[in-house]
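Asker:
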Amino acid sequence: MLLFRRLWRLLTIYRVVIRYGLDELLLSSERLRAVKLLLYLTPGYWLRDPHLSRGARLRLSLEDLGPIFIKFGQILSTRRDLLPDDIALELAKLQDHVKPFCGQEARQIVEQAYGKDLNELFAEFDTNPIASASIAQVHAARLHDGRAVVIKVLRPNIARQIKRDIELLYLIAELINRYWSDGKRLRTLEVVREFEKNLMDELDLLREASNCTLLRRNFQHSKQLYIPEIEWHYTQAHVLMMERIYGIPISDFKTMREAGVNFKYLAEIGVEIFFTQVFRDNFFHADMHPGNIFVDIRDPNYPSYIAVDFGIMGTLSDEDQHYLAANFLAFFQRDYRRVAELHLRSEWVPAGTRVEEFEAAIRSVCEPMFDRPLKEISFGLVLLRLFQTARRFNMEIQPQLVLLQKTLLNIEGLGRQLYPDLDLWQTAKPYLERWMDERIGLRAFMRNIEQQLPIWAEKLPELPMLVHEALSERQQQQHQLKQLRQEMQHLRRDLKQQHERATLATIGSALLICASIILALETRLVWNLPALGTLLGLIGAILLVIAWLS
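Each residue of the sequence shown is one higher than the one before, starting from 1 at the first, in full-length UniProt numbering.
1. So, is residue 559 buried or exposed, given that buried needs 16 or more other C-beta atoms within 10 angstroms?
2. Based on Cα-Cα distance, which residue from 364, 247, 289, 309 lies nearest to residue 295?
3. How about residue 261 and residue 303: are their beta carbons less than 7 Å apart?
4. Identify, in the order they occur along the chain, each residue of the same chain with its Cβ nearer than 7 Å to the Cβ of residue 223, setting aside the five sequence neighbours on each side.
5. Go ahead and label residue 172 buried or exposed: buried means 16 or more other beta carbons lie within 10 angstroms of its beta carbon, across all protein chains shown.
6. Closest by CA to residue 249, which one among 189, 239, 92, 220?
7. Could you check the C-alpha separation between residue 554 and residue 144 for me, to the nearest Å?
8. According to DSSP, which residues form a beta bridge with residue 305?
9. Are the segment 147-163 and the segment 63-73 touching, with three or more C-beta to C-beta distances below 8 Å?
10. Can you tell me which of 140, 191, 116, 482 puts its alpha carbon nearest to the alpha carbon of residue 404?
11. Could you check the C-alpha separation between residue 489 and residue 482 for me, to the nearest Å?
12. Give every residue of the same chain whose Cβ lies closer than 8 Å to the Cβ of residue 392, excluding the five residues on either side of it in the sequence, and list them in chain order.
13. In angstroms, rounded to a whole number, what distance separates the CA positions of residue 329 and residue 121?
14. Which residue marks the beginning of the beta strand (DSSP E) containing residue 256, and which one marks its end?
15. Compute the beta-carbon to beta-carbon distance between residue 128 and residue 288, rounded to the nearest angstrom, for a pair I have assumed lies under 8 Å.
16. Looking only at C-alpha atoms, which of 310, 316, 119, 291 sits nearest to residue 228?
17. Expressed to the nearest angstrom, what Euclidean distance is found between the alpha-carbon atoms of residue 485 and residue 500?
18. Distance, Cα to Cα, residue 102 vs residue 420?
19. Roughly how many angstroms lie between the CA atoms of residue 284 and residue 175, to the nearest whole one?
20. Which term fits residue 496, buried or exposed, when burial requires 16 or more other beta carbons within 10 angstroms of its beta carbon?
21. Sorted by chain position, which residues of the same chain lie with C-beta nearer than 7 Å to residue 331's C-beta, five sequence neighbours on each side aside?
22. Could you give the DSSP three-state label for residue 146: helix, strand or coil?
23. Since residue 191 is in the alpha helix (DSSP H), which residue starts that stretch and which ends it?
24. Can you tell which of 156, 178, 194, 153 has its C-alpha closest to the C-alpha of residue 166?
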């Protein structure tokens, strides 16, 4: 049944590719043009709309294929440096303009979740969604006390669609592992497993609400980032209610330019917000495409961000956090030897890798990026060369860092659009230096002492009793150790006696057997040995008696 579902899904993908004419992109190679002759026999070929642009065809095909493919399009839409403008503009519509489901159906889902008629719950409820994404859509509403809120509703049957696509991803990952030499290094199964976990978390709106609350608490007094408040009384696993925010979509550059927004400041605080989430709080928004970010332009010189959609959040272990910060800092300082050593120490590359070779490879990729603004850096080329370097040195993909890598791509893409002259390295370097100093410097040592002082003060009155208990426990352990030594001596003595007894018994038995054989063969011998047989039997009997009595 599983294999049948996977094959059916592959056929569905093939049908969508043909329907929207993506074969023109996929089969553009001269070697594959002969295959196009077969497409004329496909019914979907004659149903395609010839008037659609290539960007629209790609967007519609991703929408038809479902949530996972839509998310892939959302990531691509932030990389204007990797895509032609017409395709990038169309894919940008996937950020919050995915084809919505029926508003009346959303109304029924909300009424069913709350067990009440919407007129009892809201003074107003707009059945036309104000935003529609791959997993859910959002409706504006107003409570009877006048507060403006938004209701997020999961798409019907979305869990089943995601499960179907995840099964297909597992199939592709298994094929890569089995038939591609780099499959194990890329750890595709683990990456898909991590992706599946994140998607399943995104389907739980209670989890998203708790994510939002924690992020709001982390930035409660921040003037750079605002997080809306959750209405917990109206939030369930499939329906979420939060404060409605008012801001300019970060992709609306025209409005922000007309308002005189300071784009340099906006780009710089965006970098700082990202590193604050990753390193100070170890809890970062991992779905930062333009559809989830708004800008408060009430003070154009010092604008601030407003974030929404907290279904995908990332965390790191303390070890990964430390190694990432050290790697970033060494990279910003152009200390490629340090970068290579950190990769070896964290076992991200095999233990036998030569540090000098790895250092030289990293330098050749990264050095051309420094002292240049974002607009002059081809990150597509940089990423390609980094992947080639990773392959050469058998560097394994780290599944726990996939979300961070995805977020970095989004951040860099936004920075490129906001302020292309941004010096990303110089903006991030001071923050990371402060963070490392706070973690491993003198300030970190003093802070740890300060944090531990209340605990020490609490335990100080108990110190004499603790010392007495420790000494008593030590004496008891020494007494138990002495008893154990005595028992071991008795055991060794008993084992020695048993060994001696067994040896005597074995020899006695052997002598008795020899005596029996000699006496049995006495009549056949040329000379008579009755005395010898009797003597051996007597000695054997004596030895057996001694062994039994000992």
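From the three backbone atoms N, C-alpha and C, an ideal C-beta is built for every residue, glycine too.
In this text the structure is predicted, and so the values were computed from the model without any measurement.
Answerer: Considering the structure as presented:
1. Given a span of 1 to 550 for the chain in the structure shown, any question on residue 559 remains unanswerable.
2. Distances from the CA of residue 295 to each of 364, 247, 289, 309 were compared; the closest alpha carbon is that of 247.
3. Note that the C-beta distance between residue 261 and residue 303 is below 7 Å.
4. Annotation for residue 223: 304 place their beta carbon closer than 7 Å to its own, counting only its chain and skipping 5 residues before and after.
5. Exposed: under 16 other Cβ atoms inside 10 Å.
6. Put simply, of 189, 239, 92, 220 the residue whose alpha carbon is nearest the alpha carbon of residue 249 is 92.
7. It is not possible to answer for residue 554, since the shown part of the chain is limited to 1 through 550.
8. Its beta-bridge partners are 225, 295.
9. The segment 147-163 and the segment 63-73 touch, with no fewer than 3 CB-CB distances between them shorter than 8 Å.
10. Sorting 140, 191, 116, 482 by C-alpha distance to the C-alpha of residue 404 places 191 at the top.
11. One C-alpha to the other measures close to 11 Å.
12. Answer for residue 392: 361, listed in chain order.
13. Approximately 52 Å between the Cα atoms of the pair.
14. In this chain, residue 256 is not harboured by any beta strand (DSSP E); it is covered by the alpha helix (DSSP H) spanning 253-258.
15. Not really, about 26 Å apart at Cβ, beyond 8 Å.
16. Of the candidates 310, 316, 119, 291, the one whose C-alpha sits nearest the C-alpha of residue 228 is 310.
17. Spanning the two alpha carbons is a distance of roughly 23 Å.
18. About 40 Å.
19. Here the alpha carbons of residue 175 and residue 284 stand approximately 33 Å from one another.
20. With fewer than 16 other Cβ atoms within 10 Å, it is exposed.
21. Closer than 7 Å at Cβ, skipping near neighbours: 339, 366.
22. Residue state, collapsed to three classes: coil.
23. Residue 191 -> alpha helix (DSSP H) spans 188-202.
24. Checking every option, the nearest Cα to that of residue 166 belongs to 194.
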